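There are 2 protein chains.
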Amino acid sequence: MDRSAHLLSEHGLKNTPVRRKVLSFMEERKHAVSHAELEGAFNGDADRVTLYRALNTLEEKGIVHKVLGRDGIARYALCQDDCTVHRHDDQHLHFHCNTCMNVFCLAVDDYPEVNLPAGFMLSKIQLSAEGICDNCK
Amino acid sequence: MDRSAHLLSEHGLKNTPVRRKVLSFMEERKHAVSHAELEGAFNGDADRVTLYRALNTLEEKGIVHKVLGRDGIARYALCQDDCTVHRHDDQHLHFHCNTCMNVFCLAVDDYPEVNLPAGFMLSKIQLSAEGICDNCK
DNA sequence: AACCAGATGCAACTGAATTGCATTTGAAAC
DNA sequence: GTTTCAAATGCAATTCAGTTGCATCTGGTT
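Protein sequence lines, in the order shown, are assigned to chains G and P. The opening residue of the first sequence carries number 1 in the numbering used here; numbering runs sequentially from there. The opening residue of the second sequence carries number 138 in the numbering used here; numbering runs sequentially from there.
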């Protein structure tokens with residue numbers, strides 16, 4: 001059983017061709033993938049709605065996490081191993097390329113401390129950056 | 138001439154009722170405003186397309202800046218005085234409320250340093266947070 | 001082999017945002 | 001104050017990401 005199939009059974013999801021291919025496609029990319037990108041890769045082998053639902057399900061189970069690009073379009077990337085349904089490990093930097101619009105999940109050593117005004121309850125801090133990615137440069 | 142009218146002439150924009158009202162509406166709010174919120178405030182006094190165009194124009198001129206909510210919907214807030222067409226002062230924290238989905242621009246004292254992998258060119262770092270705002274708490 | 005909850009495919013729909021084009025208007029020139 | 005015109009507005013139609021309803025199919029268990 002490959003890694004994709006393992007991830008699925010581990011989270012109580014049926015091991016279907018679509019989900020396996022979605023996961024292995026993400027493994028091969030170093031940027032977060034959009035629905036449109038996946039649809040292109042499937043090239044008619046899966047309905048667009050099925051892909052939307054596969055992505056939503058994978059996110060709900062904590063297998064992938066969702067990030068909105070600067071263009072407002074959702075992208076998805078594999079979570080780290082220690083992600084759970086209840087806690088996603090988002091302690092990384094999302095780098096937004098202003099040329100290709102791709103989003104990259106990059107490791108970051110130290111995370112900033114932030115103190116909010118009175119009355120604001122903090123649940124998560126996220127760091128993001130934008131510029132030009134190594135591929136577009 | 139009030140502040141809204143001044144901002145417009147300062148940036149070479151016509152001083153129209155719609156733009157003045159959009160700006161003064163933003164001044165009164167402490168969160169970034171969405172198109173839907175504006176449309177409600179205008180209550181038929183301006184076409185929805187006109188509002189979209191007003192927001193785009195104000196952003197292009199550096200009078201307001203745009204931020205995407207967690208829901209993927211654009212919101213706009215007045216820039217600090219030192220924003221220009223070429224450089225927006227985004228050195229603040231965007232706080233996303235998970236209840237009302239409003240976005241708040243909050244001041245932040247120290248900004249984190251980040252070093253990217255080779256080949257990535259950084260142009261801007263942004264800090265965002267999510268949780269519950271003071272109003273929803 | 002039988003079963004069924006969950007996954008898929010197809011069609012229709014929603015909602016944010018954009019585009020084209022005719023009309024109106026702010027503000028500068030006269 | 002009148003003329004003038006680029007810019008702004010209003011209206012209709014369109015685009016595009018994402019969702020929903022429902023019938024059919026299938027992975028995995030019995």
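Ideal Cβ placement from N, Cα and C applies to all residues, glycine included. All of these numbers come straight from a predicted model, not from anything done at the bench.
Report task. Answer yes or no: do Val67 of chain G and Val114 of chain G have a C-beta to C-beta separation smaller than 8 Å? Result -> Walking along the first sequence from the start, residue 67 of chain G turns up at place 67. Walking along the first sequence from the start, residue 114 of chain G turns up at place 114. Not a contact, by the Cβ cut-off of 8 Å.
Interface residues of chain G around Cys270 of chain P at Cβ under 9 Å?
-> Here the question's residue 270 of chain P lines up with position 133 in the second sequence. Simply Gly119, Phe120, Met121.
**Asked** Cβ of Phe95 of chain G less than 8 Å from any chain P Cβ?
**Response** Position 95 of the first sequence, counting from 1, holds the residue named residue 95 of chain G. A Cβ of chain P is located within less than 8 Å of the beta carbon of Phe95 of chain G.
Taking Cβ positions only, does Ala266 of chain P come closer than 8 Å to chain G? As a working mapping, residue 266 of chain P is identified with position 129 in the second sequence. So yes, Ala266 of chain P belongs to the interface.
(Q) The alpha helix (DSSP H) that contains Lys21 of chain G, what's its start and end? (A) Within the first sequence, residue 21 of chain G is the residue found at index 21, counting from 1. Element bounds for Lys21 of chain G: 17-28.
How many angstroms separate the CA atom of His88 of chain G from the CA atom of Phe179 of chain P? Counting from 1 along the first sequence, the entry for residue 88 of chain G is found at position 88. Counting from 1 along the second sequence, the entry for residue 179 of chain P is found at position 42. With a pLDDT of only 49 at His88 of chain G, under 50, the local geometry of the prediction cannot be trusted, and no value is derived from it.
Which residues of chain P have a Cβ atom closer than 7 Å to the Cβ of Phe108 of chain G, listed in chain order? For the purposes of this step, residue 108 of chain G is identified with residue 108 of the first sequence, where counting begins at 1. It is worth fixing the name first, because residue 108 of chain G is Val in this sequence and not Phe. What Val108 of chain G touches in chain P: Val251.
Can you list, in chain order, the residues of its chain with a C-beta nearer than 6 Å to that of Leu13 of chain G? Leave out the 5 residues immediately preceding and following it. The residue labelled residue 13 of chain G in the question sits at position 13 within the first sequence. Nothing meets the Cβ criterion.
Rounded to whole angstroms, what's the CA-CA distance from Phe25 of chain G to Leu38 of chain G? Just pull it up for me.
Here the question's residue 25 of chain G lines up with position 25 in the first sequence. Here the question's residue 38 of chain G lines up with position 38 in the first sequence. Going from the Cα of Phe25 of chain G to the Cα of Leu38 of chain G covers about 8 Å.
Give the secondary structure of Arg212 of chain P by DSSP, where H, G and I count as helix, E and B as strand, and everything else as coil. Here residue 212 of chain P is taken as the residue at index 75 of the second sequence, counted from 1. Three-state result, Arg212 of chain P: strand.
Notebook entry, point to check: How far does the beta strand (DSSP E) with Ala266 of chain P in it reach, from first residue to last?
Noted result: On the second sequence, residue 266 of chain P is found 129 positions in, with the first residue counted as 1. Taken as a continuous stretch (DSSP letters only), the beta strand (DSSP E) holding Ala266 of chain P covers 258-269.
inquiry  = Please report the straight-line C-alpha distance between Thr153 of chain P and His143 of chain P, rounded to a whole angstrom.
reply    = Here the question's residue 153 of chain P lines up with position 16 in the second sequence. Here the question's residue 143 of chain P lines up with position 6 in the second sequence. Each residue's Cα considered, the two are about 12 Å apart.
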